[in-house]
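Please read the structure below before turning to the comments.
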């Protein structure tokens, strides 16, 4: 893969990761509630889900999902239900930041599993990758090495961006000690999760 092609993809991948979505909401929410260190598990979970989608696209299954209305609908509605459920849980969460730090409401394993499911149940990322990857792959060259480079680049960039979101949120969280303010923030993020679910529900293959 030529350097200028790879650099063009890097810019595209950064924009893709910076774009607000359920993964972004999850990272910021966890950063506020649990801090950067514990939230690393959720970032890892998001990347596992993203890596799985990249492997599906590389294996050609992603193109099938992108073209299959039934497969898209099934995955989409599982994702919608899951995001709305997360939103309701967050909306009803009345624990303060201090309480979250002391009791560690969710284990690292649960944070990881939640994040994996958030990305796995988002078929739009598969469709996006199916549409994006071919623009940066030279059909005259072996595809496997090119897919590997693009996949590793995507996961690395998304990890850095999500870590940035989480760290920024964690720094903000240090100044938030009011139960009332934290309750409002929980409702905001609960609404954002449900909003992501609504956007996903409106998505078309």
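Residue numbers (this note's numbering): 1004 to 1208. Backbone N, C-alpha and C fix where the C-beta goes; we use that ideal spot for every residue, glycine too.
Next item on the list: Would you kindly work out how many angstroms separate the C-alpha atoms of residue 1166 and residue 1039, rounded to a whole number?
Entry: Rounded to the nearest angstrom, the two C-alpha atoms are 8 Å apart.
Margin query: Closer than 8 Å is the cut-off here; do at least three beta carbon pairs connect the segment 1119-1134 with the segment 1047-1058?
Written below: With the rule of 3 Cβ pairs closer than 8 Å, the segment 1119-1134 counts as touching the segment 1047-1058.
Notebook entry, point to check: Just the Cα atoms here: how many angstroms apart are residue 1056 and residue 1128?
Noted result: Our two residues, residue 1056 and residue 1128, have alpha carbons roughly 8 Å apart in a direct line.
Next item on the list: Starting from the C-beta of residue 1111, find all residues in its chain whose C-beta is less than 7 Å away, skip the five residues before and the five after it, and write them out in chain order.
Entry: Only 1041, 1044 meet the Cβ criterion.
Check: Which two residues bound the contiguous alpha helix (DSSP H) that contains residue 1004?
Finding: Here residue 1004 belongs to no alpha helix (DSSP H), and DSSP marks it neither H nor E.
Margin query: The alpha helix (DSSP H) that contains residue 1034, what's its start and end?
Written below: Element bounds for residue 1034: 1025-1061.
Next item on the list: Taking all protein chains shown into account, decide if residue 1077 is buried (16 or more other Cβ within 10 angstroms of its Cβ) or exposed.
Entry: Result: exposed.
Next item on the list: Return the CA-CA distance between residue 1072 and residue 1080, expressed in angstroms with no decimal places.
Entry: Each residue's alpha carbon lies about 12 Å from the other.
Note to self: Give me, in chain order, the residues of the same chain whose beta-carbon lies closer than 6 Å to that of residue 1152; leave out the 5 immediate sequence neighbours on both sides.
What the structure shows: Excluding residues up to 5 positions away in sequence, 1004 lie with their Cβ nearer than 6 Å to the Cβ of residue 1152 in the same chain.
Margin query: What ranges does the alpha helix (DSSP H) occupy inside the segment 1078-1165, keeping only unbroken runs of at least 4 residues that lie completely in it?
Written below: As far as the segment 1078-1165 is concerned, its whole alpha helix (DSSP H) runs of at least 4 residues are 1100-1106, 1111-1123, 1126-1135.
Next item on the list: Pull up the distance between the alpha-carbon of residue 1036 and that of residue 1173, whole angstroms please.
Entry: Inter-residue distance for residue 1036 and residue 1173 is about 8 Å (C-alpha atoms, whole angstroms).
Next item on the list: To the nearest angstrom, report how far apart residue 1087 and residue 1190 are at their CA atoms.
Entry: Answer to the nearest angstrom: the Cα atoms are 13 Å apart.
Item checked: Straight-line gap, residue 1118 to residue 1193 (C-alpha atoms, nearest Å) -> Rounded to whole angstroms, the gap between the alpha carbons of residue 1118 and residue 1193 is 15 Å.
Notebook entry, point to check: Of the residues 1140, 1021, 1025, 1008, which one's Cα is nearest the Cα of residue 1202?
Noted result: With distances taken between Cα atoms, residue 1202 lies closest to 1025.
Next item on the list: Look at the alpha carbon of residue 1094 and the alpha carbon of residue 1132, and state the distance between them as a whole number of angstroms.
Entry: The alpha-carbon of residue 1094 is positioned some 32 Å away from that of residue 1132.
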